[in-house]
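Chains A and B, in that order, are what the protein sequence lines are. One point on numbering: in the working numbering, the residue at position 15 of the first sequence is 15, and numbering is uninterrupted. One point on numbering: in the working numbering, the residue at position 71 of the second sequence is 71, and numbering is uninterrupted. Each residue gets a CB set at the ideal place from its N, CA and C atoms; glycine is no exception. So the structure is just underneath, and the comments pick up after that.
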Amino acid sequence: MRASFLPIIFCFLLLFADKAFAVQVHGPPEGFYSHILAHILFTVSILFILYFSRRHPMGTGKSWRYFRLSLILFLLWNLDTMMVHFLDLRLPETALYLSPDPFEHRLHGPFTLERWVYYFGRFDHLLCVPAMWFMVQSLRTFYREFQEQRVRS
Amino acid sequence: MQSLPLYPIYSVDFVGSFLMLLLSFGAFRYSLELKRNFPQSVLFMYLFGLSSAFVALSISRSIGHMLRFIFIYAGVPHWWQDLAPISGSLNSICFVSVAVLTFVYPSVRKIIDRVRADAEQLKEAKEELEAANLKLKELYHTLEEKVEQRTRELLASEQKFRRLFENSGEVIFFCDAGGRISDINPSGVKLLGFSKKEELVGRPMRDFFADEEAWQRYVSTVCERGFIKDFEVRLRSRDGAEKYVIITANAIEGEEGCKSGCEGIAKDITNYRKMTEKLIYSEKMASLGQLAAGVAHEINTPLGIILGYAQLLKKEFQDQPEVAEELAIIESQAEVCKKIVSDLLSFARSSENIRGKKFINLNDCVVQTVDMIRHTFEMDDIDLKLHLEPDLPEIYADEDRIRQVILNLLNNSRDAIGKGGEIHIWTSVSCGMVVLEIGDTGCGIPPEIRDRIFDPFFTTKPPRQGTGLGLSVSYGIIEDHGGTIEVFSPPEEEKHLKFGLKTVFIIRLPISRHA
Chain A
1 MRASFLPIIF CFLLLFADKA FAVQVHGPPE GFYSHILAHI LFTVSILFIL YFSRRHPMGT
61 GKSWRYFRLS LILFLLWNLD TMMVHFLDLR LPETALYLSP DPFEHRLHGP FTLERWVYYF
121 GRFDHLLCVP AMWFMVQSLR TFYREFQEQR VRS
Chain B
1 MQSLPLYPIY SVDFVGSFLM LLLSFGAFRY SLELKRNFPQ SVLFMYLFGL SSAFVALSIS
61 RSIGHMLRFI FIYAGVPHWW QDLAPISGSL NSICFVSVAV LTFVYPSVRK IIDRVRADAE
121 QLKEAKEELE AANLKLKELY HTLEEKVEQR TRELLASEQK FRRLFENSGE VIFFCDAGGR
181 ISDINPSGVK LLGFSKKEEL VGRPMRDFFA DEEAWQRYVS TVCERGFIKD FEVRLRSRDG
241 AEKYVIITAN AIEGEEGCKS GCEGIAKDIT NYRKMTEKLI YSEKMASLGQ LAAGVAHEIN
301 TPLGIILGYA QLLKKEFQDQ PEVAEELAII ESQAEVCKKI VSDLLSFARS SENIRGKKFI
361 NLNDCVVQTV DMIRHTFEMD DIDLKLHLEP DLPEIYADED RIRQVILNLL NNSRDAIGKG
421 GEIHIWTSVS CGMVVLEIGD TGCGIPPEIR DRIFDPFFTT KPPRQGTGLG LSVSYGIIED
481 HGGTIEVFSP PEEEKHLKFG LKTVFIIRLP ISRHA
């Protein structure tokens with residue numbers, strides 16, 4: 001009895017249907033926030049794994065040293081890129097001269113501390129490339145150590 | 001400074017992007033190798049995930065950086081504007097992936113460690129089960145063999161103890177809680193005068209204790225202390241003969257700790273005890289003999305003087321009949337005393353000499369003595385029966401004194417019988433000795449005086465009817481001849497019992513070397 005009554009009510013309500021807001025519209029800042037949040041998540045995860053490895057030592061030796069160095073450098077890289085992202089927002093449009101020729105692109109003054117930080121902060125590859133290099137070194141050392149261990153056993 | 005060029009940044013980005021690509025693939029390669037070689041390692045799984053995310057990040061970000069420069073340089077910057085959001089989103093996804101992997105890794109590691117620990121426990125349990133299973137299988141295969149071996153060992157052990165039980169010279173017995181004999185070995189059956197064990201099993205042990213008090217002491221000691229050691233007791237066999245035994249027994253503890261019976265060993269010490277008694281007796285008799293000899297020697301001289309003077313005075317006072325009569329009384333009493341002293345000396349072997357000894361036949365002595373007294377005995381309706389060995393070897397002895405011994409014993413038998421009875425005399429040879437046995441159907445000798453009958457002056461006769469020296473003198477004479485004299489009352493041998501004899505004297509005299 002109750003089962004047959006419900007469709008009737010549903011059909012009745014359809015007669016009074018109005019404008020719906022079911023789908024959310026994503027404006028341009030959302031991409032920025034998502035990206036920054038992703039950076040924050042990455043940073044927190046690195047802090048977490050560093051804390052975890054200190055609390056529950058996972059191992060010693062060269063491989064683990066490289067691994068920790070890699071994480072620290074990735075942490076610094078994250079902080080650097082987040083900072084550059086925020087400074088980029090604060091730059092006025094006139095601060096950058098972006099001609100069709102990329103070799104003529106320039107950052108105009110006045111050169112406050114913020115602009116200097118922005119300028120040098122954009123050399124983020126100076127942090128992420130060593131971070132990745134240490135990551136490779138760590139994995140390589142792991143691989144060699146375990147290979148040697150296997151040969152010995 | 002008006003402005004700074006951005007191309008150094010672009011250059012570093014371009015080269016850095018290229019290096020990031022190379023390095024991320026390098027990392028991916030090593031992590032892939034590690035994962036392949038150690039597929040169970042959670043760390044390498046995590047590092048593989050991390051490397052994969054970094055490869056994706058490098059592709060997205062580095063190619064993005066490189067393309068941006070190329071697109072701008074090529075004059076199509078709007079292409080980069082279209083591509084930038086995709087590259088940025090991909091970068092964000094990569095960051096999130098790296099973060100998720102990093103957050104999840106410790107938890108996964110914990111879970112896997114726990115699973116591994118459980119698996120390890122399961123493995124150990126499985127190994128234990130397998131080992132137990134193997135043992136069970138082995139046991140199953142060897143069970144029959146082991147049972148057989150065990151049975152053989154048990155049988156051998158049972159036989160060993162059975163042999164010990166059956167062949168032991170000592171009595172081994174078992175009693176139940178009620179004090180009834182539940183098992184006893186052949187030595188025990190023989191000691192108690194039975195022919196079969198079945199006749200004894202189930203009979204109360206107290207029936208065989210000659211003394212009720214000893215039985216009570218035995219039971220209370222075993223119950224209280226749980227054991228009894230070297231308990232000397234007299235047992236009475238089926239035929240009434242008494243046996244001295246030493247019992248060592250233990251109480252048997254039941255399942256609930258209560259005494260459920262006893263088991264023990266009894267050693268027959270009857271012979272040992274008799275020998276000890278004989279030794280003590282002979283020592284006593286030797287001491288008495290020394291004392292009697294001393295006294296006799298001391299009295300003999302003044303007695304001779306009294307007798308001599310009495311005879312002298314009697315001759316002198318022949319004319320005075322009253323005085324002569326009194327002197328005759330002194331003389332006769334002195335003679336009596338002299339006889340007693342003489343008997344004492346005989347007992348004490350003080351008259352030891354070989355002057356009267358010669359090679360004689362004991363049968364002749366017996367016949368002569370019996371002939372001498374037969375008439376008197378027949379008047380009291382006492383029948384004398386002789387069982388003489390025809391070819392009896394000779395002995396080296398004083399014939400008169402041997403006859404005196406026989407006469408003493410026969411007189412004692414007559415006194416014990418009173419009127420109407422039998423006296424049996426046996427002669428035989430045993431173990432290099434001539435044996436003379438004299439038994440009567442008299443009243444027997446009470447046990448309490450049995451040990452004193454050979455003592456000097458010991459008599460059961462009324463005053464003035466006996467000096468109590470007869471058996472002492474006989475003892476002394478036999479000892480003097482290197483023989484032994486024993487009394488059995490009641491007798492133990494069947495040949496004595498069948499005639500209803502109550503007392504038997506057994507004399508053993510050494511066969512002469514001449515014979």
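Can you find the residues in the same chain that come closer than 6 Å, C-beta to C-beta, to residue i, ignoring five residues on each side of it along the sequence?
{"i": "Ser-351 (chain B)", "result": "Because Ser-351 (chain B) carries a pLDDT of 48, less than 50, the predicted location of this residue cannot be relied on, and no value is offered for it."}
{"i": "Leu-509 (chain B)", "result": "Ile-395, Val-434, His-481 and Gly-483"}
{"i": "Thr-427 (chain B)", "result": "Leu-362, Asn-363, Leu-388, Glu-389, Leu-392 and Leu-436"}
{"i": "Phe-146 (chain A)", "result": "none"}
{"i": "Gly-188 (chain B)", "result": "Val-171 and Phe-173"}
{"i": "Gly-226 (chain B)", "result": "Ala-251"}
Just how far apart, CA to CA, sit residue i and residue j?
{"i": "Asp-319 (chain B)", "j": "Leu-312 (chain B)", "result": "13 Å"}
{"i": "Glu-518 (chain B)", "j": "Gln-368 (chain B)", "result": "Summary: the structure shown does not reach residue 518 (chain B), with chain B confined to residues 1 through 515, and so no result is reported for it."}
{"i": "Lys-110 (chain B)", "j": "Phe-95 (chain B)", "result": "24 Å"}
{"i": "Pro-186 (chain B)", "j": "Glu-277 (chain B)", "result": "28 Å"}
{"i": "Met-379 (chain B)", "j": "Ala-416 (chain B)", "result": "15 Å"}
{"i": "Ile-373 (chain B)", "j": "Glu-448 (chain B)", "result": "31 Å"}
{"i": "Phe-194 (chain B)", "j": "Leu-164 (chain B)", "result": "20 Å"}
{"i": "Ile-269 (chain B)", "j": "Ile-329 (chain B)", "result": "55 Å"}
{"i": "Trp-79 (chain B)", "j": "Tyr-97 (chain A)", "result": "19 Å"}
{"i": "Ser-11 (chain B)", "j": "Ile-70 (chain B)", "result": "12 Å"}
{"i": "Ala-324 (chain B)", "j": "Ile-305 (chain B)", "result": "18 Å"}
{"i": "Phe-42 (chain A)", "j": "Ser-62 (chain B)", "result": "18 Å"}
{"i": "Leu-200 (chain B)", "j": "Glu-263 (chain B)", "result": "15 Å"}
{"i": "Leu-279 (chain B)", "j": "Lys-358 (chain B)", "result": "29 Å"}
{"i": "Val-55 (chain B)", "j": "Lys-126 (chain B)", "result": "43 Å"}
{"i": "Val-487 (chain B)", "j": "Asp-176 (chain B)", "result": "39 Å"}
{"i": "Lys-35 (chain B)", "j": "Gly-49 (chain B)", "result": "10 Å"}
{"i": "Glu-153 (chain B)", "j": "Ser-182 (chain B)", "result": "26 Å"}
Can you tell me where the beta strand (DSSP E) with residue i in it begins and where it stops?
{"i": "Thr-248 (chain B)", "result": "242-253"}
{"i": "Arg-508 (chain B)", "result": "503-510"}
{"i": "Ala-177 (chain B)", "result": "Ala-177 (chain B) -> no beta strand (DSSP E), and no H or E assigned at all."}
{"i": "Val-435 (chain B)", "result": "433-440"}
{"i": "Leu-487 (chain B)", "result": "Note that residue 487 (chain B) corresponds to Val in the displayed sequence, not to Leu. Note, Val-487 (chain B): beta strand (DSSP E), 484-488."}
{"i": "Thr-427 (chain B)", "result": "421-430"}
{"i": "Ser-182 (chain B)", "result": "181-184"}
{"i": "Ala-397 (chain B)", "result": "395-398"}
Near residue i, what residues of its chain come up, given a Cβ to Cβ distance below 7 Å and the 5 sequence neighbours on each side ignored?
{"i": "Tyr-46 (chain B)", "result": "Leu-101 and Tyr-105"}
{"i": "Ala-39 (chain B)", "result": "A small fix is needed here, since residue 39 (chain B) is Pro in this sequence, not Ala. The answer is none, since no qualifying residue turns up."}
{"i": "Ser-472 (chain B)", "result": "Phe-347, Phe-454, Asp-455 and Pro-456"}
{"i": "Pro-77 (chain B)", "result": "Phe-71"}
Quick one, are the C-beta atoms of residue i and residue j less than 8 Å apart?
{"i": "Phe-454 (chain B)", "j": "Met-285 (chain B)", "result": "yes"}
{"i": "Ser-97 (chain B)", "j": "Ala-53 (chain B)", "result": "yes"}
{"i": "His-39 (chain A)", "j": "Met-82 (chain A)", "result": "yes"}
{"i": "Gly-442 (chain B)", "j": "Gly-421 (chain B)", "result": "yes"}
{"i": "Ser-60 (chain B)", "j": "Leu-90 (chain B)", "result": "yes"}
{"i": "Ser-34 (chain A)", "j": "Ser-87 (chain B)", "result": "no"}
{"i": "Ser-489 (chain B)", "j": "Arg-450 (chain B)", "result": "yes"}
{"i": "Leu-73 (chain A)", "j": "Phe-134 (chain A)", "result": "yes"}
{"i": "Ile-590 (chain B)", "j": "Lys-267 (chain B)", "result": "Absent from the structure is residue 590 (chain B), since the part of chain B shown begins at 1 and ends at 515."}
{"i": "Ile-568 (chain B)", "j": "Val-405 (chain B)", "result": "Here chain B comprises residues numbered 1 to 515, so residue 568 (chain B) is not present and cannot be evaluated."}
{"i": "Pro-102 (chain A)", "j": "Tyr-7 (chain B)", "result": "yes"}
Just reading off the alpha helix (DSSP H) that residue i is part of, what are its end residues?
{"i": "Met-45 (chain B)", "result": "42-73"}
{"i": "Val-136 (chain A)", "result": "125-152"}
{"i": "Asp-113 (chain B)", "result": "77-167"}
{"i": "Asp-13 (chain B)", "result": "7-37"}
{"i": "Ser-237 (chain B)", "result": "Here Ser-237 (chain B) belongs to no alpha helix (DSSP H), and DSSP marks it neither H nor E."}
{"i": "Phe-67 (chain A)", "result": "62-90"}
{"i": "Ile-373 (chain B)", "result": "362-379"}
{"i": "Lys-284 (chain B)", "result": "270-316"}
Can you name, in chain order, every residue of its own chain whose Cβ lies under 8 Å from the Cβ of residue i, other than the five neighbours on each side?
{"i": "Gly-356 (chain B)", "result": "Asp-398, Glu-399, Asp-400 and Arg-401"}
{"i": "Trp-77 (chain A)", "result": "Asp-124, Leu-127, Cys-128 and Ala-131"}
{"i": "Asn-408 (chain B)", "result": "Gly-470, Leu-471, Val-473 and Ser-474"}
ask   = For the stretch 99-114 of chain A, which residues have a beta carbon sitting closer than 7 Å to at least one beta carbon of chain B?
value = Pro-100, Pro-102, Phe-103, His-105, Arg-106, Leu-107, His-108, Gly-109 and Phe-111
Proximal residues, the stretch 121-142 of chain A versus chain B, C-beta separation under 7 Å = Arg-122, Phe-123, His-125, Leu-126, Cys-128, Val-129, Met-132, Trp-133, Met-135, Val-136, Leu-139, Arg-140 and Phe-142
request  = Identify each residue in the stretch 109-138 of chain B for which the Cβ-Cβ distance to at least one residue of chain A is less than 7 Å, and report them in chain order.
outcome  = none
request  = With 8 Å as the C-beta to C-beta threshold (strictly closer), list the residues of the stretch 66-84 of chain B near chain A in chain order.
outcome  = Phe-69, Ile-72, Tyr-73, Gly-75 and Pro-77
inquiry  = To be precise: take each residue of the stretch 25-38 of chain B, compare its Cβ to all Cβ atoms of chain A, and keep it if any distance is under 8 Å. Which residues remain?
reply    = Gly-26, Ala-27, Tyr-30, Ser-31, Glu-33, Leu-34, Asn-37 and Phe-38
task = Below 9 Å between beta carbons is the criterion; list the residues of the stretch 94-108 of chain B that meet it against any residue of chain A, in chain order.
result = Cys-94, Phe-95, Val-96, Val-98, Ala-99, Val-100, Leu-101, Thr-102, Phe-103, Tyr-105 and Pro-106
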